[in-house]
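Student:
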Amino acid sequence: MQNPIDIGTNRQLFLDDFISDSMSGAKRVMHSPTRRETVLAGDKPWDEASVAYMSIIRDGDLYRGYYRCDHEGSDVRGTSPRHTAYAESTDGIHWEKPILRLFEFNGSKDNNLIWMKPGANLCVFKDDNPAEPPERRYKGVVRTGRVEGEQLGVPGPCVLALSSPDGINWGLMQDAPILTDAPFDSFNIAFWDEWANQYVIYTRGVGGSDGPFKGGVRWIRRATSDDFLNWSSLELIDTGEAPDEHLYTNACVPYERAPGTYLMFPSRLVLEHTPEPDWVGGP
């Protein structure tokens, strides 16, 4: 029998056996995802090639969505523009792309673009830190490619910090990167942890050994900060005795009804697989 854990008056989420010694008359069941219709498509000249890495926050009665958009001719190595666009919804199903007129694309500002270079793959959160001023109420992180990183004076890809007063108009919090220990490809997740009174970020990393990705496997790292600009050293997450396998994105979120509890939905990368013509995105 394990030693009792003092949970105080905090709600608990029974996802595993961490706070329970035994269970009878019940069992955990993992449900499978169900395919649904497409709710946001790349139907504009600036997002016709892809709608990727969407960051969604609930802000009052509105859902705000931030997504990376690529257009025909974009360089997959990240040396030509990958922009960030904005969409909003009242139900999470029906989305609109408002004309914001912030950035020019092909000679026109009639678009929903909210961020161009430097950086892409914007992750956004509404900052509930009471010490932060209103002009920094929304925060986000973007990752650069190798070329952009070198232009910023670092030897490779890096992470930049952004802030906004309204979730629409964004600017760099500082010119210098906040993280430089690459790799940072895919989607880096940051948020304010009210329970721990600190900022948290989860990024790409390299785990395991003797693997095909930089000598190991794609893995997940974590760091913390008091001010969103100065961060602790990145540390690999620990999954116990689980086998080494590629974890591509992390999709980590704090669970607001149980203080100190995070939920993570990492995507697995299978390097060798049989193509599936009926995948969720279509043929």
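Take the sequence shown: its letters are residues 1241 to 1523, numbered as in the numbering used here.
All C-beta atoms, glycine included, are put in the ideal place defined by N, C-alpha and C.
Given the structure is predicted, the values throughout are model-derived calculations rather than measurements.
Judging by CA-CA distance, which residue of Thr1324, Ser1290, Leu1469 and Ala1430 is the nearest neighbour of Met1413?
Tutor: Answer by Cα proximity: Leu1469.
Student: Where does Lys1337 land, buried or exposed, given buried means 16+ other C-beta within 10 angstroms?
Tutor: So Lys1337 ends up on the buried side.
Student: With 16 other CB atoms within 10 Å as the buried threshold, where does Leu1503 fall?
Tutor: Leu1503 is exposed by the Cβ-count criterion.
Student: For Thr1489, I'd like the list of residues in its chain whose CB is within less than 6 angstroms of its CB, leaving aside the five on either flank, ordered along the chain.
Tutor: So the list reads Ser1426, Phe1427 and Ser1507, once near-sequence residues are dropped.
Student: According to DSSP, Ala1401 sits in a beta bridge with which residue or residues?
Tutor: Beta-bridge pairing links Ala1401 to Val1381.
Student: Write down the C-beta distance between Phe1343 and Trp1432 rounded to the nearest angstrom, noting that I regard them as a contact closer than 8 angstroms.
Tutor: So it is not a contact: roughly 28 angstroms between Cβ atoms.
Student: Tell me the start and end of each unbroken beta strand (DSSP E) in the region 1328-1395 that is at least 3 residues and wholly inside, in chain order.
Tutor: DSSP runs (the beta strand (DSSP E)) wholly in the region 1328-1395: 1353-1355, 1360-1366 and 1378-1383.
Student: So who's on the other strand from Met1504, going by DSSP bridges?
Tutor: In DSSP, Met1504 forms a bridge with Cys1492.
Student: Rounded to whole angstroms, what is the Cα-Cα separation between Val1291 and Ala1281?
Tutor: Cα to Cα, the separation comes out at about 7 angstroms.
Student: Taking the C-alpha atoms as reference points, what is the distance between Cys1363 and Gly1300?
Tutor: Cα to Cα, the separation comes out at about 19 angstroms.
Student: Closer than 7 angstroms by C-beta to Glu1434: which residues in its own chain qualify, once you throw out the five before and the five after it? Chain order, please.
Tutor: Within the same chain, Glu1434 has close Cβ partners Asp1368.
Student: With DSSP run on the structure shown, which of helix, strand or coil describes Ser1272?
Tutor: Three-state result, Ser1272: coil.
Student: Would you call the CB atoms of Thr1324 and Arg1304 closer than 8 angstroms?
Tutor: In this structure, Arg1304 does not lie closer than 8 angstroms to Thr1324 by Cβ.
Student: Which same chain residues end up closer than 6 angstroms to Val1493 when comparing Cβ atoms and leaving out the 5 residues on each side of it in sequence?
Tutor: Cβ within range, chain order: Leu1503.
Student: Taking the Cβ atom as the reference point for each residue, do Asp1484 and Gly1448 lie within a distance shorter than 8 angstroms?
Tutor: Yes, these two residues count as a Cβ contact at 8 angstroms.
Student: Below 7 angstroms CB to CB, which residues in the same chain sit around Leu1302 once its five sequence neighbours on both sides are set aside?
Tutor: Closer than 7 angstroms at Cβ, skipping near neighbours: Glu1328 and Thr1330.
Student: Would DSSP call His1573 helix, strand or coil?
Tutor: The chain is shown from 1241 up to 1523; residue 1573 falls before or after that span and cannot be answered.
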